[in-house]
Amino acid sequence: MSTMLEVSGLTHQYGQGERAHVAVRDLTFTIESGQLACIVGPSGCGKSTLLRCISGLIPATGGSVRLHGDEVSGVPDDLAVVFQDYSRSLFPWLTVAKNVEFPLRWQKVPKADRKRRAEEVLESVGLSGVGKKYPWQLSGGMQQRVSIARALVSRPALLLMDEPFASVDAQTRGELEDLTRRVQRELGSTILLVTHDIDESVYLADRVLVLSKSPAAIVADLDIALPADRDQITTRESEQFVSLRSEVARLLQSPQVQRTGEADTTDAAHAAGESGDAAGARTDAGSGAGSDRFTETHGTAESSDETATARS
Ligand SMILES: Nc1ncnc2c1ncn2[C@@H]1O[C@H](COP(=O)(O)OP(=O)(O)OP(=O)(O)O)[C@@H](O)[C@H]1O
Ligand SMILES: [Mg+2]
Numbered sequence: 001m002s003t004m005l006e007v008s009g010l011t012h013q014y015g016q017g018e019r020a021h022v023a024v025r026d027l028t029f030t031i032e033s034g035q036l037a038c039i040v041g042p043s044g045c046g047k048s049t050l051l052r053c054i055s056g057l058i059p060a061t062g063g064s065v066r067l068h069g070d071e072v073s074g075v076p077d078d079l080a081v082v083f084q085d086y087s088r089s090l091f092p093w094l095t096v097a098k099n100v101e102f103p104l105r106w107q108k109v110p111k112a113d114r115k116r117r118a119e120e121v122l123e124s125v126g127l128s129g130v131g132k133k134y135p136w137q138l139s140g141g142m143q144q145r146v147s148i149a150r151a152l153v154s155r156p157a158l159l160l161m162d163e164p165f166a167s168v169d170a171q172t173r174g175e176l177e178d179l180t181r182r183v184q185r186e187l188g189s190t191i192l193l194v195t196h197d198i199d200e201s202v203y204l205a206d207r208v209l210v211l212s213k214s215p216a217a218i219v220a221d222l223d224i225a226l227p228a229d230r231d232q233i234t235t236r237e238s239e240q241f242v243s244l245r246s247e248v249a250r251l252l253q254s255p256q257v258q259r260t261g262e263a264d265t266t267d268a269a270h271a272a273g274e275s276g277d278a279a280g281a282r283t284d285a286g287s288g289a290g291s292d293r294f295t296e297t298h299g300t301a302e303s304s305d306e307t308a309t310a311r312s
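So for the sequence shown, UniProt numbering puts the first residue at 1; every next one is plus one.
What follows is the structure, given as structure tokens:
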């Protein structure tokens, strides 16, 4: 596997002087090609800021982001983003097909190719036949499928999703989760997805990154070694799933996540540096100085070590 995304010492500060607010500080991790990684963390910890910096929508105030080796300094052509609010991200005056084709027009893809690719991708998200409708003629879940289709149509190297299913009902959410996993496997996409839903993070991901309170630091990096074929009922009731979701829940309630990051970020950076891990994507729960502190302050280090596989 090759490295798709390399985030090194990423820091973002909003404002200056007394109004300055450091949303993310010194974040370092990598995402491999074809991986589906989920990010969970407390509200306001800096998850959306992180995605905005990765997508080049806002410049990082420190550190760097590399997409397949190239430094990101503006929005890369081969990156797509799906936001939570489909009703604001689709163009209501364009048909579904035209919405999906939109990024290809930007890329100057010939008309006939645009049409064919939009039809193909709409079919892969289960929406063949609705191309001539307008977004407002579709249900919320269907509109979010259109957003996903539009993101996938340009075959992005990296797909960023910021709480993409938060505005739909529970059943639609499950369907969209399965859709995301299926298209990710079919197209070999690399996805970084932010969610508030612990179960969703475990169900979807190959890997879950747990962030601390603002300024966000990586508290744990868990391998989700569930079978690739997942099912909303059997996977979710499996012992392995229950143990992993408890692990993520415990981490989110841990003092490491709940305290305000200031000391954590420094310690996390030291732990990553001392471990000699080039990517620095280690888990405090499973390695180095952070692990010791975790054992002292939180009684679940043992179970954490079982499920949280430290990357090397
Ligand atoms: N444009 C902005 N200007 C100033 N501060 C901002 C701006 N956007 C976000 N922030 C602040 O940065 C911090 C991180 O915000 P961000 O939206 O990244 O958090 P989040 O983890 O995505 O939260 P949520 O889970 O609620 O979506 C918050 O304290 C927020 O108030
Ligand atoms: Mg957010």
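Backbone N, C-alpha and C fix where the C-beta goes; we use that ideal spot for every residue, glycine too. Just so it is clear, the structure is predicted and the values come from calculations on it, not from any experiment.
Item checked: Runs of alpha helix (DSSP H) lying entirely within the region 63 to 97, each at least 4 residues, in chain order -> Listed in chain order, the complete alpha helix (DSSP H) runs (minimum 4 residues) inside the region 63 to 97 are 86 to 89.
Checklist line | Under 7 Å, CB to nearest heavy atom of ligand 2: contacting residues | finding: K47, S48, D162, E163 and V194
Item checked: Start-to-end residues for the alpha helix (DSSP H) that takes in E119 -> Here the question's residue 119 lines up with position 119 in the sequence shown. Unbroken alpha helix (DSSP H) run through E119: K111 to S124.
Note to self: Below 8 Å on the Cβ atoms is my contact criterion, and I expect D162 with Q84 to pass it. Report the Cβ-Cβ distance as a whole number of Å.
What the structure shows: Along the sequence shown, one-based indexing puts residue 162 at 162. Along the sequence shown, one-based indexing puts residue 84 at 84. The Cβ separation is near 6 Å, so the contact holds.
Check: Which class does Y14 belong to by DSSP, given the choice of helix, strand or coil?
Finding: As a first step, residue 14 is located in the sequence shown; it is residue number 14 there, counting from the start. Correct three-state label for Y14: strand.
Notebook entry, point to check: Can you find a heavy atom of ligand 1 that lies under 6 Å from the Cβ of S43?
Noted result: Within the sequence shown, numbered from 1, the residue matching residue 43 stands at position 43. Yes - ligand 1 has a heavy atom lying nearer than 6 Å to the Cβ of S43.
Note to self: Taking the alpha carbon of D77 as the reference point, which residue from I39, P103, R173 and P110 has its own alpha carbon closest?
What the structure shows: Along the sequence shown, read from residue 1 onward, the residue named residue 77 stands at position 77. Comparing Cα-Cα distances from D77 to each of I39, P103, R173 and P110, the minimum goes to P103.
Notebook entry, point to check: Would a C-beta distance cut-off of 7 Å place L251 and A220 closer than the cut-off?
Noted result: Reading the sequence shown from its first residue, position 251 is the one you call residue 251. Reading the sequence shown from its first residue, position 220 is the one you call residue 220. Cβ distance < 7 Å, so L251 and A220 count as in contact.
Margin query: With three or more C-beta pairs closer than 8 Å as the rule, is the region 193 to 206 touching the region 28 to 46?
Written below: yes
Checklist line | Sequence-distant residues of its chain with Cβ nearer than 8 Å to V168 (five each side left out) | finding: As a position in the sequence shown, residue 168 is number 168, starting the count at 1. Cβ within range, chain order: G140, G141, Q144 and L176.
Next item on the list: Look at the alpha carbon of S2 and the alpha carbon of T190, and state the distance between them as a whole number of angstroms.
Entry: Against the sequence shown, residue 2 aligns to sequence position 2. Against the sequence shown, residue 190 aligns to sequence position 190. Using only the alpha carbons, I get a separation of about 11 Å.
Check: Which runs of the alpha helix (DSSP H) fall wholly inside the region 124 to 166 and span at least 4 residues, in chain order?
Finding: The DSSP assignment places 140 to 152 as complete runs of the alpha helix (DSSP H) inside the region 124 to 166, in order along the chain (cut-off: 4 residues).
Next item on the list: Measure the Cβ-Cβ separation of I218 and A249 and say whether it is below 7 Å.
Entry: Numbered from 1 along the sequence shown, position 218 holds the residue referred to as residue 218. Numbered from 1 along the sequence shown, position 249 holds the residue referred to as residue 249. No, the pair does not count as a contact, with Cβ atoms beyond the cut-off.
Item checked: Helix, strand or coil at C45 according to DSSP, with G and I counted as helix -> By 1-based counting over the sequence shown, the position of residue 45 is 45. Three-state result, C45: coil.
Next item on the list: Answer with buried or exposed for H12, where buried requires no fewer than 16 other C-beta atoms within 10 angstroms of its C-beta.
Entry: As a working note, residue 12 is residue 12 in the sequence shown. When all chains shown are included, H12 counts as buried.
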